[in-house]
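**Q** My questions all concern the structure below.
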Amino acid sequence: MNAMIADTEDMRIRRRFAIVVVMFTVLFVVLMGRFFWIQIVRGDEYRERARVSFTTTERLPARRGKILDQNGEVLAKNVAAFHLKILPHALRDPAVRAPVMNRLAAILTLTHAEKDQLEHEIEEHLENKQGWVEIELGRPLVSTTCPYDGNDLALVTPETAAANALLQCPVCGIVHEAVTGDAERCPHDGARLTWDADKHSATCPKCKRSYVTAPVCPNDGGLLQALDHNLQCPECKRRFTDEVAVLKSSLSELPGVHIETEFVRTYPQPFIASHLLGYMNLVTAEDRAASPGVYPLDARVGRAGVEAALESVLRGRAGEAEYFKGADKSLVRGFRPAESGLDVRLTIDAKLQREVRQAMRYQRSGAAVALDPRTGAVLALYSTPGYDPNVWSQGIPKDVWEETAANPYHPMMNKALTAFAPGSVYKIVTSLAGLDLGLVTPEDTMHCPGYYEFAGRRFRCHARSGHGYVNMEEAIKGSCDVYFYKLGEKIGMDRLAHYGEMFGFGEATGIEIGERTGRVPTKAFHETTPLGFQPGLTLSTA
């Protein structure tokens with residue numbers, strides 16, 4: 014009896030063991046199947062998910078190509094722009110924050126209001142649980158290039174530093190230069206200074222600089238602080254400190270502070286060729302749709318001139334680098350380097366371009382083009398009034414936009430490539446047409462009494478008293494309108510149009526930066542207008 018009970022108990026134990034083994038076997042098979050499904054069937058998918066979860070891809074911007082004149086002089090280039098960023102979490106302790114803010118205020122010559130605003134932003138980020146969101150200083154840092162025109166800064170000579178001491182008000186932020194009370198003219202441009210009633214401060218009406226005879230701000234009475242600016246722009250004569258160098262040497266004392274670098278477009282001589290070079294600004298949705306995958310959201314593209322016409326050549330190709338997430342940015346599996354854009358060398362001669370601008374300095378509106386008659390190469394192309402592409406490339410201030418829009422002379426219009434009536438230049442075409450058709454000889458004379466009676470109307474010459482009897486050479490030299498009225502009447506509208514087309518009027522020149530072809534009028538064209546063709550139109554064309 015006891016043996017039977019023992020056998021039964023043994024069988025029960027064996028059965029339970031078998032069940033457990035089967036359960037573990039089934040579980041093992043299920044797990045192995047799941048592992049097979051995850052690692053083999055969907056392995057690539059899950060590996061990609063894991064990679065994305067623990068890595069980040071950084072876009073490596075391509076350096077844009079430079080624009081040079083025919084002699085290699087730089088007209089557009091890239092300069093490094095440095096941005097100060099602060100991590101609020103690192104400054105959560107007021108005891109740590111105070112010396113950092115004092116040091117930053119001293120290096121960056123921040124006003125009291127600017128320093129208070131920066132501290133307020135830090136506290137606001139900490140209160141809103143955004144301590145890991147960086148704060149950026151509202152302006153780029155100064156390094157070795159002028160923030161206004163991109164020119165390389167030069168060291169200030171001891172003589173200049175002694176003669177033009179700089180003083181800044183920590184309240185209003187205005188920088189003043191120290192002068193003696195008997196100074197009459199601005200040391201920078203020679204303009205006569207305008208003094209206040211007490212002869213304590215003066216301003217230059219031309220360059221707008223402010224001068225003081227004592228270290229007291231004339232605006233708010235604040236005590237002025239001396240500025241040790243040892244760099245000066247050779248173009249605008251402003252003085253600066255290399256803030257980047259000073260900050261980098263002090264970073265060990267500035268927890269939570271670091272400097273980021275980007276390259277920005279700058280135009281060292283902004284006004285000599287603004288229409289020719291064009292400018293850049295932020296990419297739009299239309300730009301990104303037209304070139305999928307080319308531009309990130311914060312990219313800048315050429316908007317006019319060479320910058321726009323040769324965008325694909327200048328922009329280069331961005332690269333990529335993949336990193337493990339974290340502060341050390343460990344490289345995962347290499348990177349694709351960025352390919353710099355190509356430099357573009359123009360046929361323009363920058364020296365000639367400057368001379369053309371100088372020659373047109375008193376013109377409110379106009380354009381000039383200089384060509385090489387042997388090759389047709391454009392040596393100078395200038396339009397006035399112009400604009401500063403440095404300003405238009407960095408986000409257009411409202412006041413600049415409003416001033417430009419209200420300007421009756423249209424500063425943004427490139428008048429050198431816009432269709433205009435040729436005026437007296439067309440008299441050359443009329444002359445050659447008359448000679449080629451045998452309707453006139455160089456010696457034939459016509460009388461100009463100051464007007465020409467035609468179809469009951471007087472067509473006036475610009476010389477109201479007339480030129481008298483003139484031959485072709487004299488008519489061209491004096492731009493006699495009556496001579497060409499009479500010659501144009503003999504030639505006729507359609508033959509004039511034919512010779513105009515022979516000279517390339519109404520056709521594209523093929524210049525890369527865009528142009529308007531205009532139109533050479535014919536009888537057929539005028540018949541499509543509301544007034545139709547009138548015989549007097551031939552005289553006006555000639």
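For the sequence shown, my numbering gives the first residue as 14, with consecutive numbering after it.
The C-beta atom is built at its ideal place from N, Cα and C for all residues, glycine as well.
Here the structure is a predicted model, which is why all the values come from computation and not from measurement.
Decide yes or no for the touch test of the region 286–293 against the region 384–400: beta carbon pairs closer than 8 angstroms, at least 3 of them.
**A** Cβ pair count under 8 angstroms is three or more, so yes.
**Q** Express the C-alpha separation of Leu430 and Phe546 in angstroms, rounding to a whole number.
**A** As a working note, residue 546 is residue 533 in the sequence shown. As a working note, residue 430 is residue 417 in the sequence shown. Rounded to the nearest angstrom, the two C-alpha atoms are 28 angstroms apart.
**Q** So is Arg25 buried or exposed if we call it buried at 16+ other beta carbons inside 10 Å?
**A** Taking the sequence shown and counting its residues from 1, the one referred to as residue 25 is at position 12. By the neighbour-count rule (16 or more Cβ atoms within 10 Å), Arg25 is not buried but exposed.
**Q** Measuring only the C-alpha atoms, how far is Gln556 from Lys221?
**A** The requested residue 556 does not occur in the structure, where the chain is confined to residues 14 to 555.
**Q** For Ala521 and Gly531, I'd like the C-alpha separation in whole angstroms.
**A** Numbered from 1 along the sequence shown, position 508 holds the residue referred to as residue 521. Numbered from 1 along the sequence shown, position 518 holds the residue referred to as residue 531. In a straight line, the C-alpha of Ala521 is about 9 angstroms away from that of Gly531.
**Q** From what residue to what residue does the beta strand (DSSP E) around Arg367 run?
**A** As a working note, residue 367 is residue 354 in the sequence shown. Arg367 -> not in any beta strand (DSSP E); alpha helix (DSSP H) instead, spanning Ala363 to Ala372.
**Q** Round the Cβ separation of Gly354 and Arg328 to the nearest angstrom and send it over; I've been treating them as touching at under 8 angstroms.
**A** Here residue 354 refers to the residue found at position 341 of the sequence shown. Here residue 328 refers to the residue found at position 315 of the sequence shown. That belief holds up - the Cβ atoms of Gly354 and Arg328 are roughly 5 angstroms apart, short of 8 angstroms.
**Q** Would you mind sorting His460 into buried or exposed? The rule is 16 or more other CB atoms within 10 Å of its CB.
**A** If you number the sequence shown from 1, residue 460 lands on position 447. His460 comes out exposed.
**Q** When burial is assigned at 16 or more other CB atoms within 10 Å of the CB, is Ile32 buried or exposed?
**A** Against the sequence shown, residue 32 aligns to sequence position 19. Ile32 should be labelled exposed.
**Q** Check each candidate in Asp457, Tyr465, His102 and Tyr464 and name the one with the smallest Cα separation from Met485.
**A** The sequence position of residue 485 within the sequence shown is 472, counting from 1. Checking every option, the nearest Cα to that of Met485 belongs to Asp457.
**Q** Would you tell me roughly how many angstroms separate the C-alpha atoms of Arg561 and Glu525, rounded to the nearest one?
**A** Nothing about residue 561 can be read from this structure; the chain reaches only from 14 to 555.
**Q** Please determine, among Tyr465, Asp356 and Arg370, the residue with the shortest C-alpha to C-alpha distance to Arg477.
**A** Locating residue 477 in the sequence shown gives position 464, where the first residue counts as 1. Among Tyr465, Asp356 and Arg370, the Cα nearest to that of Arg477 is on Tyr465.
**Q** Does the beta-carbon distance from Gly447 to Val453 come in below 7 angstroms?
**A** Translated into positions along the sequence shown, residue 447 becomes position 434. Translated into positions along the sequence shown, residue 453 becomes position 440. Closer than 7 angstroms, so yes.
**Q** So the candidates are Tyr496, Arg470 and Ile489; which of them puts its Cα closest to the Cα of Pro462?
**A** Translated into the one-based positions of the sequence shown, residue 462 becomes position 449. When only C-alpha atoms are compared, the closest one is Tyr496.
**Q** Under 8 angstroms by Cβ, that's how I've got Val270 and Val113 pegged, so tell me the actual separation to the nearest angstrom.
**A** Residue numbering aside, residue 270 sits at position 257 when the sequence shown is read from its first letter. Residue numbering aside, residue 113 sits at position 100 when the sequence shown is read from its first letter. About 7 angstroms separates the two Cβ atoms, so the contact holds.
**Q** Report the three-state DSSP secondary structure of Ile99 (helix, strand or coil).
**A** For the purposes of this step, residue 99 is identified with residue 86 of the sequence shown, where counting begins at 1. If DSSP states are grouped into helix, strand and coil, Ile99 belongs with the strands.
**Q** Starting from Leu295, follow its DSSP beta bridges and name the residues at the other end.
**A** The residue you call residue 295 lines up with position 282 of the sequence shown. Partner(s): Arg313.
**Q** Can you have a look at Arg47 and say buried or exposed, based on whether 16 or more other CB atoms are within 10 angstroms of its CB?
**A** Within the sequence shown, residue 47 is the residue found at index 34, counting from 1. With fewer than 16 other Cβ atoms within 10 Å, it is exposed.
**Q** Under the assumption that Ile148 contacts Pro101 (Cβ atoms under 8 angstroms), give the Cβ distance between them as a whole number of angstroms.
**A** Counted from its first residue, the sequence shown places residue 148 at position 135. Counted from its first residue, the sequence shown places residue 101 at position 88. About 6 angstroms separates the two Cβ atoms, so the contact holds.
**Q** Give the single residue among Phe516, Met425, Val391 and Ala555 whose Cα lies nearest to the Cα of Asp82.
**A** Walking along the sequence shown from the start, residue 82 turns up at place 69. Out of Phe516, Met425, Val391 and Ala555, Val391 has the C-alpha closest to the C-alpha of Asp82.
**Q** Does the pairing of the region 271–279 with the region 382–391 give three or more beta-carbon distances under 8 angstroms?
**A** The region 271–279, when compared against the region 382–391, does not touch it at the 8 angstroms Cβ threshold.
**Q** Compute the Euclidean distance between the alpha carbons of Ser444 and Leu500, then round it to the nearest angstrom.
**A** As a first step, residue 444 is located in the sequence shown; it is residue number 431 there, counting from the start. As a first step, residue 500 is located in the sequence shown; it is residue number 487 there, counting from the start. Going by the C-alpha atoms only, they are around 8 angstroms apart.
**Q** Less than 7 angstroms between the C-beta atoms of Cys217 and Ala204, yes or no?
**A** Along the sequence shown, read from residue 1 onward, the residue named residue 217 stands at position 204. Along the sequence shown, read from residue 1 onward, the residue named residue 204 stands at position 191. Going by C-beta atoms, Cys217 is nearer than 7 angstroms to Ala204.
**Q** Are the CB atoms of Tyr498 and Val442 within a distance shorter than 7 angstroms?
**A** Residue numbering aside, residue 442 sits at position 429 when the sequence shown is read from its first letter. Residue numbering aside, residue 498 sits at position 485 when the sequence shown is read from its first letter. Going by C-beta atoms, Val442 is not nearer than 7 angstroms to Tyr498.
**Q** With 16 as the cutoff for other CB atoms within 10 Å, does Asp494 come out buried or exposed?
**A** Along the sequence shown, read from residue 1 onward, the residue named residue 494 stands at position 481. Asp494 comes out buried.
**Q** Only counting runs of 4 or more residues, tell me where the alpha helix (DSSP H) segments fall wholly within the region 440–504, in order along the chain.
**A** Counting whole runs of 4 or more residues, the region 440–504 contains the alpha helix (DSSP H) stretches 440–449, 485–491 and 494–504.
**Q** Looking only at its own chain, which residues have a Cβ that is under 8 angstroms from the Cβ of His138, when we skip the five neighbours before and after it?
**A** The sequence position of residue 138 within the sequence shown is 125, counting from 1. The answer, listed in chain order, is Pro101, Gly144, Val146 and Ile148.
**Q** So which of Gly469, Gly481 and Ser492 has the shortest CA-CA distance to His475?
**A** Counting from 1 along the sequence shown, the entry for residue 475 is found at position 462. The candidate whose alpha carbon is nearest that of His475 is Ser492.
**Q** Alpha carbon to alpha carbon, how far is Arg116 from Tyr280? Give it in angstroms, no decimals.
**A** Here residue 280 refers to the residue found at position 267 when the sequence shown is read from its first residue. Here residue 116 refers to the residue found at position 103 when the sequence shown is read from its first residue. Each residue's alpha carbon lies about 33 angstroms from the other.
**Q** Are there three or more Cβ pairs, one per stretch, closer than 8 angstroms when the region 307–326 is compared with the region 352–368?
**A** As far as the Cβ criterion goes, the region 307–326 touches the region 352–368, which means the pair count is three or higher.
**Q** Please classify Trp405: is it buried, with 16 or more other beta-carbons within 10 angstroms of its beta-carbon, or exposed?
**A** In the sequence shown, the residue the question calls residue 405 occupies position 392. Burial call: buried.
**Q** Excluding the five sequence neighbours on either side, which residues of its own chain have a C-beta within less than 8 angstroms of the C-beta of Ala340, listed in chain order?
**A** Position 327 of the sequence shown, counted from the first residue, corresponds to residue 340. Low confidence applies to Ala340: its pLDDT is 41, below 50, so where it sits in the model is not reliable, and the reading given next is rough at best. Cβ neighbours of Ala340 beyond the five flanking positions: none.
**Q** What residue ranges within the region 359–430 form continuous beta strand (DSSP E) runs of no fewer than 3 residues, ordered along the chain?
**A** Fully enclosed beta strand (DSSP E) runs of 3 or longer: 379–384 and 391–397.
**Q** Evaluate Met293 with the Cβ neighbour count: other Cβ atoms within 10 Å of its Cβ, from every protein chain shown; 16 or more gives buried, anything less gives exposed.
**A** By one-based count along the sequence shown, residue 293 stands at place 280. Under this definition Met293 is a buried residue.
**Q** Look at the Cβ atom of Ala215, then the Cβ atom of Tyr224, and state whether they are nearer than 7 angstroms.
**A** Taking the sequence shown and counting its residues from 1, one reaches residue 215 at position 202. Taking the sequence shown and counting its residues from 1, one reaches residue 224 at position 211. Yes, the Cβ-Cβ distance between Ala215 and Tyr224 is below 7 angstroms.
**Q** May I ask you to list the residues that DSSP assigns as paired with Lys90?
**A** Start at 1 with the first residue of the sequence shown, and residue 90 comes out as number 77. DSSP output for Lys90 lists Thr279 as bridge partner(s).
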